[in-house]
Structure formats: structure tokens, C-alpha cells
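In this text, residue positions in the sequence shown follow the numbering used here: the first is 14, and each later residue adds one.
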Amino acid sequence: MTTRVAFAWIHFAFTGLLAGTALLLPPSAGAQIRTDRGEEYYLIRTLEGLYEKLPMQATDPSEFKAAAADLRSEAIRYKVRADEARLHESIGFGFDEFIAQLDAVSAFLSKVEDIQANAAAQVPLQQFGSGFKGGMAAAQTSDFSTMEGAVASILVGGLVYAMDSWSQSSALEESVKKEVEAEAGRLQDALLQRLERSRQRFLDLAREKGWPEREIGWDLSMQSATTTVQLIQKGDLNGLISLAAGKRAERPFDPHIALSHNLLMAIRSEERPSDLDRICEDSLELKALIPAHSVYDHHRLGVLYQAALLASASRGAERLGGASPGSSSRSRRAVELWEAAHEARTPDTGDELALYRACAYAGDGDPARARTELRALHDRLKDQPDYLYACACVTCLDGDRDLALKFLEKAIRTDGVDLSDVRKDPDLHDLRTYRKQEFVALTTPQWEWTATNSLLWADVFLTNKSAFSLTNVRLTSTTPGWEPDLTVDILRPGETKKWEWNAQPPEGQLRAMRLTSDQNP
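This is the structure in C-alpha cells:
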């Protein structure tokens with residue numbers, strides 16, 4: 014189960030980070046790490062991170078409010094810590110303002126939900142669209158935040174979408190629209206005032222402490238947020254790296270930025286093991302920037318998590334390059350880091366970390382130990398694709414090809430694995446070599462088509478006989494003189510798609526069709 018460098022990795026404790034640099038710099042920053050900014054500075058940067066973690070992906074007000082409730086609890090923990098440690102009053106004030114803003118947005122969204130419910134009785138619900146799907150169309154960010162997006166997160170994510178969505182409904186009377194718009198405007202003004210108050214207090218603290226003001230961040234303009242979102246939408250990794258390079262230089266004591274910097278460097282590394290090794294160790298050193306109190310334990314776990322992922326990716330790249338499945342210095346380092354991460358686990362991360370640790374054991378040439386770990390996780394994870402796929406890889410490495418095929422089929426049927434990775438994963442070498450026919454049948458599209466003629470037209474039927482869904486499907490004719498070009502977005506296993514009113518194929522010719530999809534090799 015080779016770990017690949019991918020944007021999907023952004024799910025560790027520091028959710029909502031986006032910064033980096035193109036150059037694979039030596040870990041000089043890590044070697045010079047100091048902690049003289051202290052806990053107050055760390056909490057200022059953490060608070061901006063909370064703004065960035067606002068649920069910009071939410072698709073309705075209730076989803077936003079549920080996520081906001083979790084952030085509220087987190088903010089209270091930091092507020093309590095700031096009070097207990099008697100930190101500068103501006104720190105506690107900043108968290109109070111954040112909590113007040115969450116409460117204000119949630120209250121506003123409750124009001125909008127009431128309006129939606131009333132209007133829904135008058136027109137079909139689909140006319141409303143989904144809140145964030147409408148209002149966030151121009152600021153969609155997948156799994157990423159803007160890094161400078163305090164305003165973009167809470168205002169675009171929590172207010173503008175409501176107007177974009179509800180204003181489309183002709184059922185809403187003009188007076189109701191104006192009432193919502195006025196309320197949103199008042200709330201927006203209040204939020205901006207709160208953000209500015211926090212920013213000014215933190216800048217005053219920076220001057221008092223002798224910190225460069227640029228380290229505080231808190232850019233409340235939309236320009237930086239908009240630029241970053243546009244780069245993400247275009248998939249411009251070089252642009253993101255260039256933009257983020259300055260952020261780490263400006264804020265060298267912020268592990269939030271540094272971890273994202275390292276993640277983008279890893280993606281840019283093109284999976285060169287030596288580069289991943291260096292980035293891994295640099296990430297690990299960032300623990301020195303995190304205050305020692307237990308309230309930050311999950312931050313330290315985030316650092317370990319990223320370092321362990323990078324170590325596993327380095328070992329995976331080594332294996333893809335032809336290294337044997339036995340132990341190596343890279344595989345041992347991966348085991349060491351996953352064991353450290355598991356030791357630092359939180360209640361909600363234990364199973365995930367144990368699963369990665371099992372994969373590291375297998376990658377270190379000890380599949381028997383990995384199987385023991387996987388058996389302990391079976392009852393809780395038996396239906397999850399990552400678990401099933403890990404079982405396939407481990408049992409294959411252990412020589413149990415029959416069981417490996419069964420696990421692989423179950424994993425593929427979840428639609429939760431990347432077939433392009435499956436086809437080249439070195440852990441599945443024995444299946445590709447010794448069970449080739451079964452492996453190919455399991456990992457390539459299997460389909461069947463028929464055409465039924467009526468008086469003037471032909472109906473074409475396509476059945477997906479694969480173990481997985483087919484997406485972006487296109488069925489084209491290779492029969493001369495017959496040119497149907499048929500598409501469907503998704504066809505699930507066992508489903509049949511029917512296209513009506515097609516021209517009939519020429520008589521006397523062999524009819525043939527070609528299928529392409531995202532799942533084709």
C-alpha cells in the first residue's frame with residue numbers, strides 16, 4: 014500500500030493550511046528554530062487558523078452550524094488556556110470575538126432557514142439551489158483555505174451565499190428579500206468591526222513585544238484570498254508555491270504555515286525519495302514551535318502525522334523505483350514515526366494511526382506483524398476502503414494470494430480506491446504476476462452493449478459489469494456509416510443505461526463499439 018503525495022493528505026490536525034515554496038530547501042529553517050515568540054504569538058496564529066477552518070464546503074446552513082459548533086468548543090479551550098496562563102488580555106479578547114462571530118452567523122443562518130422553509134411551501138425546493146453551492150461558486154476551495162481569508166471564510170462562507178441563493182427564488186416577496194439583505198449587511202459590518210478590533214489589538218501586542226508586524230498576518234482585504242482561490246481553481250501549483258514562499262519567510266515561527274510549505278514541497282518533489290526524506294525531517298522539527306501545554310497535543314500529533322506520511326511516501330517511492338519489499342532505512346524510519354504518532358494518538362485518531370502503522374510494518378518486511386494489527390482493527394474498519402485495500406496488500410506480501418484477491422475485490426467494490434494506483438502498486442506484484450487474468454478482470458472496465466431496432470430507430474443499452482463505477486463514460490461506434498456518440502456521467506456496477514432514438518446501424522455490417530471512462534488503463 015504505497016503512500017502517495019497528494020492534496021488529499023490535508024486532513025491532519027492543522028486543517029485549513031495553504032502555503033509553500035517551490036524550492037526544495039535544506040532544513041535550515043528547522044535547524045535555526047527558536048521559540049522566543051512564545052505562547053501568545055502561537056495563539057494569535059492559531060486563531061487565524063480557526064477562521065480558516067470555517068466550513069466553506071458546507072452545502073446548507075445546518076451543516077455550517079454543526080461545524081461551527083465544533084470550532085466554538087475548540088476556541089473555548091484556547092480561551093480557557095489563555096486565561097489560566099494569564100496571557101496578554103488581547104489573546105482572550107480575540108477568542109471571545111471569534112466565539113461571538115460564530116454565534117452571530119449561526120443565529121443569522123437560523124433566520125435564513127426559517128425563510129427557506131416558508132418559501133419552500135410556495136415553490137419547488139430545487140429553485141433555491143444549495144446555499145454554498147451558489148454563493149461559493151466563485152470561491153470554491155476544495156480542501157484548502159485562503160491562508161489570509163478571515164473575511165473570505167466567514168463573510169463569503171457565511172453570508173454572501175445566502176443572498177446569492179435566496180434571491181433567486183421568485184417566491185420570496187421583495188420585502189422579505191430586502192429584510193434578509195439588510196440583516197446580512199448589518200452582520201457583515203459587525204463582523205468586520207470585530208475582526209479589525211482583534212487585528213489592532215494583536216498589532217499593538219506585536220509592537221509591545223518587539224515583533225515585526227508582518228508576523229501577525231491578519232490581512233483583512235479580499236485580494237490575497239481571491240488570488241489564492243484562483244490559483245487553486247486553475248491547479249497552478251507553481252503559483253501557489255510562489256505565493257506561499259513569502260509567507261513562511263514573513264512568519265518563520267508559525268508551524269501552521271511551515272507544515273503547508275512542506276506539503277507543497279513534497280507534491281513538487283515528484284516523489285523523489287531523497288527530497289521526501291529531507292522534507293520529512295524538516296516537518297518533524299516543527300514540534301519545537303508548539304507550546305508544551307497539553308491543550309496543543311493534537312497540534313504535535315499533526316506534526317508527527319505529516320512526518321510519518323512523508324516517510325511512508327518516501328518508502329513507497331523507493332518501492333516504486335524497484336526496491337525489494339524487505340527492510341530498509343526508509344521503511345524503518347516510517348515504522349518509527351508511525352509508532353510515535355500512535356503513541357501520541359487522540360481518541361478519534363487511534364484506528365487510523367494503527368492502520369497506517371500496520372502498513373508500515375508490511376513495508377518494513379514484516380507482513381505477519383501487520384496482519385496481527387489488521388485483525389485487531391477488523392470489527393471497526395471492516396467496511397472501509399483503506400482498510401480493505403491495506404488487507405489486500407499485506408496478505409499479498411505474506412503470500413496469501415487467494416485472500417488478497419478477495420480483499421482487493423471488496424476494496425474496489427467500495428469505489429474508494431484509485432485504480433491507477435492499484436495497477437502499479439508494488440505490494441500487489443504477485444497478484445499481477447501470478448493471478449494476472451483475475452487481476453486484470455478486477456481492475457479494468459468490464460461492459461456489455463446491445464442495440465435493439467424498432468421501425469426507424471435503434472435503442473442502445475450499456476451495462477456496467479465491472480466491480481466499480483464507471484465515470485465520464487463515452488460509448489462510440491467503430492462501425493463505418495454508424496456514428497452514435499453516447500455519454501453518461503456515472504454508471505454503477507450492474508446498472509444499465511438506455512439511449513433511445515439513435516440511427517439504426519447499416520445492415521450486413523459487424524457492429525462494434527468502443528468505451529472510454531475515467532477508469533480505463
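Where is the CB? At the ideal position from N, CA and C, for every residue including glycine.
Everything numeric in this text was worked out from a predicted model, so none of it was measured.
Counting C-beta pairs closer than 8 Å gives three or more between the stretch 374-381 and the stretch 344-359, which meets the contact rule. With the rule of 3 Cβ pairs closer than 8 Å, the stretch 460-472 does not count as touching the stretch 434-446. In this structure Asn-533 is exposed. Its beta-carbon is surrounded by fewer than 16 other beta-carbon atoms within 10 angstroms. Under a 10 Å Cβ-count criterion, Val-93 is classified as exposed, with fewer than 16 other Cβ atoms of the shown protein chains found around its own Cβ. For Ser-337, there is no enclosing beta strand (DSSP E), as DSSP marks it with neither H nor E.
With contacts defined by Cβ atoms closer than 8 Å, Leu-250 and Ile-280 form a contacting pair. Using a C-beta cut-off of 8 Å, the stretch 301-317 makes no contact with the stretch 379-389, since fewer than three inter-stretch Cβ pairs fall below that distance.
The DSSP assignment places 74-97 as complete runs of the alpha helix (DSSP H) inside the stretch 70-120, in order along the chain (cut-off: 4 residues). Between Lys-511 and Leu-504, the C-beta gap is not smaller than 8 Å, which leaves the two residues out of contact. Assignment of Lys-395 by DSSP, reduced to helix, strand and coil, places it in the coil class. Beta-bridge partners assigned by DSSP to Val-486: Val-501. Secondary structure note for Met-526: its beta strand (DSSP E) is the uninterrupted segment 526-529.
In the structure shown, Lys-423 falls within a helical segment according to DSSP collapsed to helix, strand and coil. Sixteen is the threshold: when 16 or more other Cβ atoms of the shown chains lie within 10 Å of the Cβ of Ala-320, as they do, the residue is buried. In the DSSP assignment, Asp-364 falls within the unbroken alpha helix (DSSP H) covering 363-376. With the rule of 3 Cβ pairs closer than 8 Å, the stretch 348-357 counts as touching the stretch 315-332. Short of 7 Å from the beta carbon of Leu-244, and not among the five residues preceding or following it, lie these beta carbons of its own chain, in chain order: Gly-252, Leu-253 and Leu-256. C-alpha of Glu-508 to C-alpha of Leu-528: approximately 15 Å in a straight line. If only complete runs of 4 or more residues are kept, the stretch 252-322 shows the alpha helix (DSSP H) at 268-281 and 286-298, in order along the chain. The Cβ atoms of Ile-303 and Pro-338 do not sit closer than 8 Å to each other.
Each residue's CA atom was taken as its position, placing Leu-394 and Tyr-91 some 32 Å apart. A Cβ-Cβ distance of about 6 Å is found for the pair Leu-390 and Asp-364, placing them in contact under the 8 Å criterion.
Leu-208 counts as buried, since no fewer than 16 other beta carbons sit within 10 angstroms of its beta carbon. Taking C-beta atoms as the reference points, Ser-340 and Pro-458 fail to come closer than 8 Å. Proximity of the stretch 479-488 to the stretch 410-419 falls short of the contact definition, fewer than three beta-carbon pairs being nearer than 8 Å. As the crow flies, the alpha-carbon of Lys-247 is around 12 Å from that of Thr-239. Trp-460 and Tyr-369 have their C-alpha atoms spaced approximately 35 Å apart. The beta carbon of Arg-328 lies closer than 6 Å to those of Arg-343, Ser-344, Ala-347 and Gly-376 in the same chain, with the five residues before and after it left out.
Separation of the CB atoms of Arg-264 and Gly-230 is rounded to 7 Å, and the pair is thereby assigned contact status at 8 Å. Around the CB of Arg-388, fewer than 16 other CB atoms lie within 10 Å, so the residue is classed as exposed. With a cut-off of 8 Å on Cβ pairs, the stretch 78-88 is not in contact with the stretch 96-103, counting fewer than three such pairs. By the neighbour-count criterion, in which 16 or more other beta carbons inside 10 Å mark a residue as buried, Gly-521 falls on the exposed side.
8 Å or more divides the Cβ of Leu-468 from the Cβ of Ile-425. At least 8 Å separates the beta-carbon of Ser-234 from that of Phe-106. A straight-line Cα-Cα distance of about 30 Å links Leu-289 and Ile-57. Closest option to Asp-295, judged by alpha-carbon separation, among Glu-65, Arg-285, Met-278 and Glu-283: Met-278.
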